[in-house]
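*Asks:*
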Ligand code: SAM
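Quick look at the structure:
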């Protein structure tokens, strides 16, 4: 997977992409990351990428001109190298909220071009140049870099070969509409808190049942919105009904 990030702060992305599994994937060539600053495509001595908003108002707006130049440069470079041009995404609080379904879909594409705004945002006309607009959530960040990193991390970890244990993906929160079950490791007892006995029992069917129940209970409690969308199987319903009837055993 190739990621192209249009940002005036490439150092933010560089640091984040050098660490951990992502850093390793860059090292092995599984993931390619290229930052490009619109400042490279400015012509004035201050390398200005922003300007005052038409109609007045506070703050500055990022100009479309160097952004388009950066996008055209990236596309030309990809074509020259025989690569597919990037699927363009604008990071904006006005975009579609990012979620696992979106990450799964984007992870199947060969290249993403992530456009990060700063200041009061980007000239509206950039919207006409992208395939989609993504928001990290209903809050406002200073810039799109953290949102771009979230898209990169969430999609790159889905690439075959990225994680040592691919099966862990299937059990994670949001992969199947539920939150993940509680996890424990040593010590077996910590300040009076014991690891649930079933996890030490060696009874694999019992552990699986317990984990499924904990996932359902946690989702019902923490994310009633997700729980309402679940298609519960007959076994799920029985698990929950039994747990509700015997709360003292939980
Ligand atoms: N004035 C804009 C508004 O009210 O929608 C906010 C601009 S914000 C300070 C600057 C940049 O940060 C945006 O252009 C966008 O790229 C990025 N950004 C801020 N919040 C974001 C979010 N929730 N998701 C994705 N990107 C975000």
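In my numbering, the protein residues as written are 54 to 303.
Positions of the beta carbon are idealized from the N, C-alpha and C atoms, including for glycine.
What is the DSSP secondary structure of residue 202, counted as helix, strand or coil?
*Replies:* Mapped onto the chain shown, residue 202 falls at position 149. It is helical.
*Asks:* If we call anything under 7 angstroms between Cβ atoms a contact, is residue 169 one with residue 197?
*Replies:* Translated into the one-based positions of the chain shown, residue 169 becomes position 116. Translated into the one-based positions of the chain shown, residue 197 becomes position 144. Yes, these two residues count as a Cβ contact at 7 angstroms.
*Asks:* Taking only heavy atoms of the ligand SAM into account, decide whether any of them is closer than 6 angstroms to the Cβ of residue 294.
*Replies:* Position 241 of the chain shown, counting from 1, holds the residue named residue 294. No, since every heavy atom of the ligand SAM falls outside the 6 angstroms radius drawn around the Cβ of residue 294.
*Asks:* If you measure from each CB to the nearest heavy atom of the ligand SAM and keep those under 6 angstroms, what residues do you get, in chain order?
*Replies:* Checking every Cβ against the heavy atoms of the ligand SAM under 6 angstroms gives 144, 145, 146, 147, 169, 170, 171, 173, 174, 175, 188, 189, 190, 192, 193, 194, 195, 196, 197, 200.
*Asks:* Identify whether residue 243 lies in helix, strand or coil by the three-state DSSP scheme.
*Replies:* Here the question's residue 243 lines up with position 190 in the chain shown. Three-state DSSP puts residue 243 in a strand.
*Asks:* Can you list the alpha helix (DSSP H) stretches of 4 or more residues lying completely in the segment 147-202, in chain order?
*Replies:* Taking only runs of at least 4 residues, the alpha helix (DSSP H) segments lying wholly in the segment 147-202 are 153-159.
*Asks:* Going by DSSP in three states, residue 68 sits in which element: helix, strand or coil?
*Replies:* Here residue 68 refers to the residue found at position 15 of the chain shown. The answer is helix: DSSP assigns residue 68 an H, G or I state.
*Asks:* For a quick check, are the C-beta atoms of residue 272 and residue 222 less than 7 angstroms apart?
*Replies:* Taking the first residue of the chain shown as 1, we reach residue 272 at position 219. Taking the first residue of the chain shown as 1, we reach residue 222 at position 169. Cβ distance not < 7 angstroms, so residue 272 and residue 222 don't count as in contact.
*Asks:* Is it right to say residue 268 is buried, meaning 16 or more other beta carbons lie within 10 angstroms of its own, or is it exposed?
*Replies:* Taking the chain shown and counting its residues from 1, the one referred to as residue 268 is at position 215. Residue 268 comes out buried.
*Asks:* Does the Cβ-Cβ distance between residue 237 and residue 264 come in under 7 angstroms?
*Replies:* On the chain shown, position 184 is the one that residue 237 refers to. On the chain shown, position 211 is the one that residue 264 refers to. Not in contact: residue 237 and residue 264 (Cβ atoms no closer than 7 angstroms).
*Asks:* Between 247, 186, 153, which has its C-alpha nearest residue 224's C-alpha?
*Replies:* The residue labelled residue 224 in the question sits at position 171 within the chain shown. Selected option, being the one with the closest Cα: 153.
*Asks:* Taking the beta carbon of residue 277 as the centre, do at least 16 other beta carbons fall within 10 Å, making it buried, or is it exposed?
*Replies:* Looking up residue 277 in the chain shown gives position 224. So residue 277 counts as exposed.
*Asks:* Would you check if the distance between the CB atom of residue 201 and the CB atom of residue 189 is smaller than 7 angstroms?
*Replies:* Residue numbering aside, residue 201 sits at position 148 when the chain shown is read from its first letter. Residue numbering aside, residue 189 sits at position 136 when the chain shown is read from its first letter. No.
*Asks:* To the nearest angstrom, how far is it from the Cα of residue 64 to the Cα of residue 76?
*Replies:* Against the chain shown, residue 64 aligns to sequence position 11. Against the chain shown, residue 76 aligns to sequence position 23. Their Cα atoms are separated by approximately 14 angstroms.
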